[in-house]
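Protein chains in written order, with our numbering: chain Y, 833 to 1380; chain C, 41 to 460.
The beta-carbon is built from N, C-alpha and C at its ideal position, and this holds for glycine as well.
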Amino acid sequence: MHLSMRKGFNRLHLVFSFLLFLQLAQAQSQTGGGNSSFTTLLLGIVVLIAFFIIYQVSDNLVRIEAKKSGLDSEDDALAMMPGKNGFFQKKKPAYVKGQYVALKQGHNILLEGEAKGPVQAANVKTFAVQPQNFRGMSPIPKVEVEVGNTVKAGDHLFFDKKNPDVKYVSPVSGEVIAVNRGERRSIASIVVLADNQQQYRSLNAPNLDTCSREELVSFLLDAGGWALLRQRPFDVIANHHEVPENIFVSTFDTAPLAPNLDLVMEGRGAAFQRGLDVLGKLTKGRVWLGLNANGDAAPSPIFTEAAGVGKCWFSGKHPAGNVGVQIHHIAPITTKSTVWTVNVQDVATIGALFTEGKYNAEKVVALTGAELKVAKYVRTFTGANIGELLDGNLASDNARIISGDVLSGIKTSTDNYLNFYDDQVTVVEEGNFHEMFGWLLPDLATPSVSKALPGTRFPDTVFKANTNMHGEPRAFVVTGQYEEVLPMDIYPQHLMKAILTNDYEKMEGLGIYELIEEDVALCEFACTSKQPLQKILRDGLDMVNESA
Amino acid sequence: MSSLLEKVKKFEPPKEKKFLHTLYDGFFTFLFTPDHTTHGVGVHIRDRMDLKRTMVMVVLALQLCYVFGTYNIGHQHFVALGEHTSFTSAMHLKLFHGLIKMLPIFIVTHVVGLGIEFYYAARKGHAIEEGFLVTGALIPLIMPPDIPLWILSLSVAFAVILGKEAFGGTGMNVVNIALLARAFVFFAYPGEISGDRCWVSGLEFDGAVASGEVYGWAHHLSDGLFKWLGVATFGEGGGAVVDGWSGATPLALAKTGWESVTAHYSSLQMLWGGIPGSVGETCKPAILVGALILIATGIASWRIMLSMFLGAAFMGIVFNWWGHDVQMDIPWYFHFYMGSFFFAMAFMATDPVTAASTNTGKWIYGFGIGMLGIIIRVMNAAYPEGWMLAILFMNVWAPLIDHFVVQSNMKRRAKRAVAA
């Protein structure tokens, strides 16, 4: 039905173009003489457009037929004009084998202060687990330790009274020196002063080949590995009573100044592979790796040669590295399905439960941003103290410290701790100053996705960003700009309006389940009207979550 | 800069004086971008682009139309009087005559429109929004040069209050504000904006006899300057209009076929815009430069422009085939020489608030405008030009188009859930 409609459409265009040629012939015989150049130009444009439409429609028809008969429709060989794709699109790199998705929409924000390898040691002594990093956690979880207790790495620190099976464990061994309280006596952080020599709680990992899924789940719940698994929709701690459709791991990060995960994972290949094996037992579908097809060279063999998993290559600008975008193109989340996601370093932590028999929360963190003296990679543990991480490295007082990247990270301070899932600290200048005619002057120094600013004409420009709003909040005016930076079949502006008007049916229909904050972060950055899209989206997610 | 900032800040009126404070805030944010920073949650850096910059890009794209339009007001005036009939002769007189007509229109539009904008901003307690920057720049360009200023103020007030503020301000309006102002004049005072008499400025009509107006103080004042410089002057005015002159626009003549159009105007003349018409619509190259600026900067949707062009071409061809009357027989490509097609395409149809908001919707929306505009132009004897009504009509339909596009996206997603 669909195909026949397309064919009808095609025929219509043929007739249309035939008419145009007739008109062209007529015009030639009628006018002639001096002032027909404009007419000829108009005719030329119309003929070109008509030709292009016919070409595009026919090309698509060929592809549809190819797909129907099971041929690889991405391949150029079936195009009407082979080589056209190579002309219009970025070439598929030679190292890419298998499933490949080229994403057109998106934007890379290049900022000053990219971290440089190699990975160095960090001199961090205090670590904390912050219950509020785990979405859905009650404000006051049950804390199992007291100030003054000594703990080993992997010992239980607290659990959620609503969900007591999931244990949250200490990343390091040492003495519990503080249980900090936040607003309304909620638990903000449980701080451990680390020993010089790490001691680990000894774990009896089950044999992966023989154990049942139930045994595996209860081991992970107890050993602290469960908190590393997150569930979509909603981006909450995975529900251990459910079996996910698939589990997704993105092996590259395209966010501004994001760490290079190839470098981060150096030497942790065995743990990573074992982690993938563990995940494979947890899902009824597959474990999927999203691989980076943007580089000149293939990514680390740790990722490309991982066994027992599905692999899908992605090329494109940010947010191509977001796991949510990759899920959308591999096996989209529906209203009925749940999937899990895990960070790359967390996969290795899960694997280490089996390879090393201990909870090894080791983490390589990228310290980035223009306001640092030296941007570098350091090896530390989950929940490291920010002040100790950045000790002596801050170049300015008027700077904002962010746990995570500039698009979806959380503002923090030197007294605070790295958030549980983050592997990056970004320090950027606070933009708390006025600019004269800042809205009018052409500005080369500030990043933008808009072609109206000269900076975007030079795609390799590296910017020094600050936190100024660069304008005031307004109602939605400009259309189509979110779609240009979100490589998903979703209408973000309509979704946001549905959330603002509490339209549940539309929220679900427009794909709110497929998104979390980081996916719309670039839309929020680009937004001319300075709307807080991430906050609106989270409000919407909370709404549909509560009603479910 | 910081010292200037301090000086400006001294003028800040207290917050209780709402209107004054809104006014101050409006001018302050014009001079300085605010020092607001992003919140702790959400993005920490923001794009340089904001609504002010978006709007000012449109205003910049209109500047060539302003220059040409102002000059053409003077040119048409002198052509009617049979003086300085070459396009490049007595340029200073044409420019000054144009300015004398254009400046009051521009100032009145802005005083009335911005005044209403300021009043509502103060009443609602929010910042002054930039929407009127573009509306205010568009309205003078789509009015006839001799529009009475009180009618202009009425139309601007009507459009801004009922078209925009009643719906909640910038970004909330359903139809294009500038076109609404024009539609108001069109239906309330049709004599001022239709027929053959209104498109050339500075003429007076006594029955069927036309003559030049007697010049006022502004002309005399500039004559002083010109005398001192030793160049041609305006004189006293009141001269007779040349024999056989008609102020008819090409579109009015097109009712009786393409031959009667070319009897008055060559197609080159229509292309470059030395013809009577609304101020900004006549010069096609100036408009196309503006359109290219808008496309290159990504401010306006090329999809709407292209599909509107295709829609108009398609409908023109259909009419050529039908060939029921002489106007239908006008070759379709000549429709682009006459009237305000390009101005409507570049600046009116592409208003993001009132156009369709999905990319698929934009194709349908633009094509619809193109088709409808030509239909109105050719088939409706009462309206020589169709773009204003076509765009207003499609503005109203745009949400419905979007609705179907969004519904199809929802259906696609629902199907996936069933298949899984």
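Query, Result
"Would you say valine 1206 of chain Y and asparagine 1230 of chain Y are within 8 Å of each other, going by their C-beta atoms?", "no"
"Just to confirm the assignment, what range does the alpha helix (DSSP H) spanning arginine 452 of chain C have?", "427-459"
"Check each residue of the stretch 306-340 of chain C: if its Cβ is closer than 7 Å to any Cβ of chain Y, include it; give the result in chain order.", "Ser306, Ser307, Leu308, Leu311, Ala336, Thr337, Gly338, Ile339"
"Give the range of the alpha helix (DSSP H) segment to which valine 366 of chain C is assigned.", "Looking at the DSSP string, valine 366 of chain C is not in any alpha helix (DSSP H), and its letter there is neither H nor E."
"If you follow the beta strand (DSSP E) that aspartate 263 of chain C is part of, which residue opens it and which one closes it?", "From DSSP, aspartate 263 of chain C is part of no beta strand (DSSP E) but of the alpha helix (DSSP H) over 257-269."
"Find the residues of chain C that neighbour aspartate 1321 of chain Y, judging by a C-beta separation of less than 9 Å, and give them in chain order.", "Asn449, Arg452, Arg453"
"According to the neighbour-count rule (16 or more other Cβ atoms, all chains shown, within 10 Å of its Cβ), is serine 1245 of chain Y buried or exposed?", "exposed"
"Tell me which residues of the stretch 1262-1274 of chain Y have at least one Cβ-Cβ distance to chain C shorter than 9 Å, keeping chain order.", "Glu1262, Gly1263, Asn1264, Phe1265, His1266, Glu1267, Met1268, Phe1269, Gly1270, Trp1271, Leu1272"
"How many Å lie between alanine 1381 of chain Y and alanine 1198 of chain Y at the Cα?", "Outside the shown range of chain Y (833 to 1380) lies residue 1381 of chain Y, about which nothing can therefore be said."
"Relative to the alpha-carbon of arginine 453 of chain C, which residue among Y:Asp1321, Y:Asn1300, Y:Leu1332, Y:Leu1285 has its alpha-carbon at the smallest distance?", "Y:Asp1321"
"Mind checking whether asparagine 1298 of chain Y and glutamate 1261 of chain Y have CB atoms under 8 Å apart?", "yes"
"Taking the runs of the alpha helix (DSSP H) that are 4 residues or longer, which of them lie wholly in the stretch 306-383 of chain C?", "307-312, 324-336, 342-362"
"With a cut-off of 8 Å, does the C-beta of leucine 71 of chain C fall near any C-beta of chain Y?", "yes"
"Determine the DSSP secondary structure at methionine 1268 of chain Y, reduced to helix, strand or coil.", "strand"
"Would you identify the three-state DSSP class for arginine 1118 of chain Y, choosing helix, strand or coil?", "coil"
"How would you label aspartate 1237 of chain Y, buried or exposed, when you count the other beta carbons within 10 angstroms and need 16 or more for buried?", "buried"
"Could you pull out every residue in the same chain whose Cβ sits closer than 6 Å to the Cβ of lysine 1149 of chain Y, ignoring the five residues on either side in sequence?", "Gly938, His939, Asn940"
"Output, in sequence order along the chain, the residues in the stretch 162-184 of chain C whose CB is closer than 9 Å to any CB in chain Y.", "Ala167, Glu169, Glu170, Gly171"
"Can you tell me the Cα-Cα spacing of glycine 866 of chain Y and arginine 895 of chain Y, whole angstroms?", "Because glycine 866 of chain Y carries a pLDDT of 43, less than 50, the predicted location of this residue cannot be relied on, and the following value inherits that uncertainty. Using only the alpha carbons, I get a separation of about 45 Å."
"If the criterion is Cβ atoms closer than 8 Å, does the pair valine 1196 of chain Y and valine 1081 of chain Y meet it?", "no"
"Can you check whether the C-beta of glycine 865 of chain Y is within less than 8 Å of a C-beta belonging to chain C?", "Because glycine 865 of chain Y carries a pLDDT of 42, less than 50, the predicted location of this residue cannot be relied on, and the following value inherits that uncertainty. No, glycine 865 of chain Y does not count as interfacial toward chain C."
"Give me whichever residues DSSP pairs with arginine 1306 of chain Y in a beta bridge.", "In the DSSP output, where bridge partners are listed per residue, arginine 1306 of chain Y has none listed."
"Report, in whole angstroms, the separation of the C-beta atoms of glycine 829 of chain Y and tyrosine 1191 of chain Y, which I expect to be a contact under 8 Å.", "The shown model of chain Y, from 833 to 1380, leaves out residue 829 of chain Y, and the question about it has no answer."
"Would you say glycine 153 of chain C faces chain Y, with C-beta separation under 8 Å as the test?", "no"
"Near valine 282 of chain C, what residues of its chain come up, given a Cβ to Cβ distance below 6 Å and the 5 sequence neighbours on each side ignored?", "Gly122"
"What is the DSSP secondary structure of glutamine 1256 of chain Y, counted as helix, strand or coil?", "strand"
"Please tell me whether, using a cut-off of 7 Å, the distance from the CB of lysine 58 of chain C to the nearest non-hydrogen atom of the ligand SAH is below it.", "This structure lacks the ligand SAH, and indeed carries no ligand of any kind."
"State whether the stretch 986-999 of chain Y contacts the stretch 1056-1065 of chain Y, with contact taken as three or more CB pairs (one from each stretch) at a distance under 8 Å.", "yes"
"In the structure shown, what three-state DSSP assignment does aspartate 1178 of chain Y receive?", "helix"
"For lysine 824 of chain Y versus serine 970 of chain Y, is the C-beta spacing smaller than 8 Å?", "No answer is possible for residue 824 of chain Y: it lies beyond the span of chain Y, which begins at 833 and ends at 1380."
"Here's the rule: buried if 16 or more other CB atoms are within 10 angstroms of the residue's CB, otherwise exposed. What is proline 1324 of chain Y?", "buried"
"In terms of residues, what are the limits of the beta strand (DSSP E) holding aspartate 992 of chain Y?", "988-992"
"Please give me, in chain order, every unbroken run of the alpha helix (DSSP H) with length at least 4 that falls completely inside the stretch 81-136 of chain C.", "91-101, 103-121"
"Measure the alpha-carbon distance for isoleucine 217 of chain C versus glycine 314 of chain C and round it to whole angstroms.", "28 Å"
"Indicate whether at least one CB of chain Y lies closer than 8 Å to the CB of isoleucine 85 of chain C.", "yes"
"Using a Cβ-Cβ cut-off of 6 Å (strictly less than) and excluding sequence neighbours within five positions of isoleucine 182 of chain C, which residues of its own chain qualify?", "Arg222, Ser318"
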